[in-house]
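Protein chains in written order, with the working numbering: chain A, 1 to 260; chain B, 261 to 520. Glycine is no exception: its CB is placed at the ideal position from the N, C-alpha and C atoms. Since the structure is predicted, the reported quantities are computational estimates derived from the model, not experimental observations.
Number of protein chains: 2
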Amino acid sequence: MQGLSAAKQEIEKGVLAKSMLTIVGDCSVDYLGRATSTLAMGKRLVLIKGDGSVSIHQNRLVRPTNYMVGTKISCELCNGGSNLVLRASKQRPKEDLTIIFSGIDDLKAYEMEIVNDLRLSGSERDLNEMLMQDLSMIEPGLKPVNQQQHFQKGVCDIIAEDREGNFVVIELKRRQADYAGVTQLHRYMHEVQKMKGRKTRGILLAPDIRKNAKNLLEQLGLEFAKLDFELTPSGEEKAKIKGLERKQSKITEHMHPQQG
Amino acid sequence: MQGLSAAKQEIEKGVLAKSMLTIVGDCSVDYLGRATSTLAMGKRLVLIKGDGSVSIHQNRLVRPTNYMVGTKISCELCNGGSNLVLRASKQRPKEDLTIIFSGIDDLKAYEMEIVNDLRLSGSERDLNEMLMQDLSMIEPGLKPVNQQQHFQKGVCDIIAEDREGNFVVIELKRRQADYAGVTQLHRYMHEVQKMKGRKTRGILLAPDIRKNAKNLLEQLGLEFAKLDFELTPSGEEKAKIKGLERKQSKITEHMHPQQG
DNA sequence: GCCTAGGTCCCGTTG
DNA sequence: CAACGGGGCCTAGGC
Chain A
1 MQGLSAAKQE IEKGVLAKSM LTIVGDCSVD YLGRATSTLA MGKRLVLIKG
51 DGSVSIHQNR LVRPTNYMVG TKISCELCNG GSNLVLRASK QRPKEDLTII
101 FSGIDDLKAY EMEIVNDLRL SGSERDLNEM LMQDLSMIEP GLKPVNQQQH
151 FQKGVCDIIA EDREGNFVVI ELKRRQADYA GVTQLHRYMH EVQKMKGRKT
201 RGILLAPDIR KNAKNLLEQL GLEFAKLDFE LTPSGEEKAK IKGLERKQSK
251 ITEHMHPQQG
Chain B
261 MQGLSAAKQE IEKGVLAKSM LTIVGDCSVD YLGRATSTLA MGKRLVLIKG
311 DGSVSIHQNR LVRPTNYMVG TKISCELCNG GSNLVLRASK QRPKEDLTII
361 FSGIDDLKAY EMEIVNDLRL SGSERDLNEM LMQDLSMIEP GLKPVNQQQH
411 FQKGVCDIIA EDREGNFVVI ELKRRQADYA GVTQLHRYMH EVQKMKGRKT
461 RGILLAPDIR KNAKNLLEQL GLEFAKLDFE LTPSGEEKAK IKGLERKQSK
511 ITEHMHPQQG
């Protein structure tokens, strides 16, 4: 347990120094911004970071119950010193977080660099690069044309050309594909078709696809290929593509399936 | 600074008691699971919660650099006691997080209930309920038929019937609508049409819509209505719908716009 | 600033 | 269990 007045000073000092602050104590929380929320008095951890991020953690889940990014933080004593009020606020959108402490069990400031060291492998970007090394895995004779091409309507993962000179638009997903992935691919396929004015195919490449999404995909005349990849234990290589199996989805000619 | 051997015992005790644990110290981190990642030695905050959630925070951003939910945690001394290794692991999917401490600055265990107190207003669900009170806001004579109806293909926010006996499918978004919202609505509209075998309209209800998404929406013969709502400062009411403006999108007859 | 999409998305809910 | 979609999504990258 700790005096709220001393706490106030320590918080102000820590915020100024861009330290990481951990505050554990009894508090209530109000948020008003993109939604509104209240949290009745109770014991929680408040985490303040050097970049102005604030998050309030209960003793469950990874995600904080309340949070804000890029805030300005202020701090004042209220009710004759029996409460410490912490405010985090932000413009655009206008958001305010108010934390009222009735007591603080613990307060610490840690000097910590504001860096991002994480080296992650196996992201979609990594798989994309792997695939570009050898598109023939997907289909013999497939040649790269472009990758990460920006349209007005989004970013197309891979554009290739097949043996018969058709353009092939490939949308890659690192996990089970859903509706959104299918409609994305559909959009890009049409975009390429319109730009290039040539017959264009669309292939969704993912480890799996939800059943309904598969149905939609087939209705739209798109193709699915199962992507089997393996994560390399650490830093060495990005990932390894183990295999690529065509589920031989019948390429039903596209016939205005959404007609009403 | 604190002895690693004592730390080990305190962690084990805290995990058993389902306390919230905060550990600040120098550590390296390896994750192997849905992706792989490594974090070189550096000072971080490790947060362990009573439900087995683990997260590792750097001094920036709301989101942890590494995290896992619902883990089993173990703890051992290595290298003749000069390292403390914390392992969090999980099956289905198989995931492993390894945190190697070379030194611990601070370690605390806090007794804290494992509860979720948060009362949030202004979610899509709240707006949905508000709207159902009076669908005539959207359009005179609109009568409710169903809400949150589950199809095999998803959940339809609101189904109503207009003055002319057409079904009206309404998709509600609490923020600016995008492509995904439009295609969602399109899917549900077709689903209802197929089920009921009657002319069906689709209305996307949102505070705003992205330009490209608006184009797609109009191509698909769907309608947009601007939803203006206000958040009530706190607990009292959920939210207040201030107004609802029809952008008079010409209901172009649907004509196979995605045809190639 | 806006738009677009990825994420080890997380998370709750329903069938 | 799988599927589906919301989220105060967060966050990064382009334009």
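Can you find the residues in the same chain that come closer than 6 Å, C-beta to C-beta, to residue i, ignoring five residues on each side of it along the sequence?
i      : result
E371/B : S279
S509/B : Per-residue confidence for S509/B stands at a pLDDT of 41, beneath the threshold of 50, marking its modelled position as unreliable; no derived number is given.
Y179/A : A213
S382/B : Here the sequence assigns Gly to residue 382/B, which means Ser is not the residue at that position. Once the five neighbours on either side are set aside, the close Cβ partners of G382/B are L491, A499.
G243/A : D228
S315/B : L307, P324, Y327
T98/A  : D30, R87
S313/B : V329
In the DSSP assignment, find the unbroken alpha helix (DSSP H) run with residue i in it and report its ends.
i      : result
L337/B : Per DSSP, L337/B belongs to no alpha helix (DSSP H); it is in the beta strand (DSSP E), 332-338.
D126/A : 124-133
Find out if the Cβ-Cβ distance for the pair residue i, residue j is shorter than 8 Å.
i      : j      : result
I430/B : C335/B : no
A348/B : T325/B : no
V428/B : L402/B : yes
K8/A   : L84/A  : yes
G103/A : G25/A  : yes
Q176/A : D208/A : yes
E124/A : L172/A : yes
L16/A  : D311/B : no
S265/B : G341/B : yes
E389/B : D422/B : no
V442/B : L465/B : no
A420/B : L395/B : yes
N319/B : E113/A : yes
Given residue i, which residues of its chain have a CB within under 8 Å of its CB, disregarding the five upstream and five downstream residues?
i      : result
R187/A : K153, G154
E513/B : Because E513/B sits at a pLDDT of 35, beneath the cut-off of 50, its placement in the model cannot be relied upon, and the following sentence gives the value as read from the coordinates. Counting only Cβ-Cβ distances below 8 Å, and skipping sequence neighbours, we find G481.
N166/A : R198, K199, T200, R201
C338/B : L344, V345, I360
M392/B : P404, Q407, I418
P233/A : none
V192/A : C156, I159, F167, V169, T200
Q149/A : V155, C156, I159
Excluding the five sequence neighbours on either side, which residues of its own chain have a C-beta within less than 7 Å of the C-beta of residue i, listed in chain order?
i      : result
I511/B : Summary for I511/B: the model assigns pLDDT 36, below 50, so the residue's position carries little reliability; its value from the coordinates is reported in the next sentence. Closer than 7 Å at Cβ, skipping near neighbours: G481, E483.
K354/B : G293
H516/B : Low local confidence applies: a pLDDT of 35 at H516/B is under 50, so the model's placement there is unreliable, with the coordinate-based value given in what follows. Nothing listed; no residue qualifies.
Give me the DSSP bridge partner(s) of residue i.
i      : result
M328/B : V314/B
P404/B : A420/B
R246/A : A225/A
D356/B : L292/B, S349/B
L476/B : In DSSP, L476/B forms no bridge with anything.
A40/A  : Answer is none; A40/A lacks a bridge partner.
A109/A : L21/A
I138/A : DSSP output for I138/A lists no bridge partner at all.
L305/B : V284/B, H317/B
K500/B : E490/B
G363/B : D286/B
I374/B : Answer is none; I374/B lacks a bridge partner.
G414/B : F411/B
N83/A  : C78/A
V168/A : A160/A, R201/A
Assuming residue i is part of the beta strand (DSSP E), what are its boundary residues?
i      : result
V192/A : Careful: V192/A lies outside any beta strand (DSSP E), inside the alpha helix (DSSP H) at 179-196.
V29/A  : 20-32
G274/B : No beta strand (DSSP E) holds G274/B; the alpha helix (DSSP H) holding it covers 264-276.
R379/B : 379-381
R175/A : First-last for R175/A: undefined, no H or E at that position.
R201/A : 200-206
Touching by the beta-carbon criterion (3+ pairs, under 8 Å), the region 34-42 of chain A and the region 366-382 of chain B: With a cut-off of 8 Å, the region 366-382 of chain B and the region 34-42 of chain A count as touching, because enough Cβ pairs lie within range.
Sufficient close CB pairs (3 or more, under 8 Å) joining the region 306-317 of chain B to the region 41-59 of chain A: Short answer: they touch.
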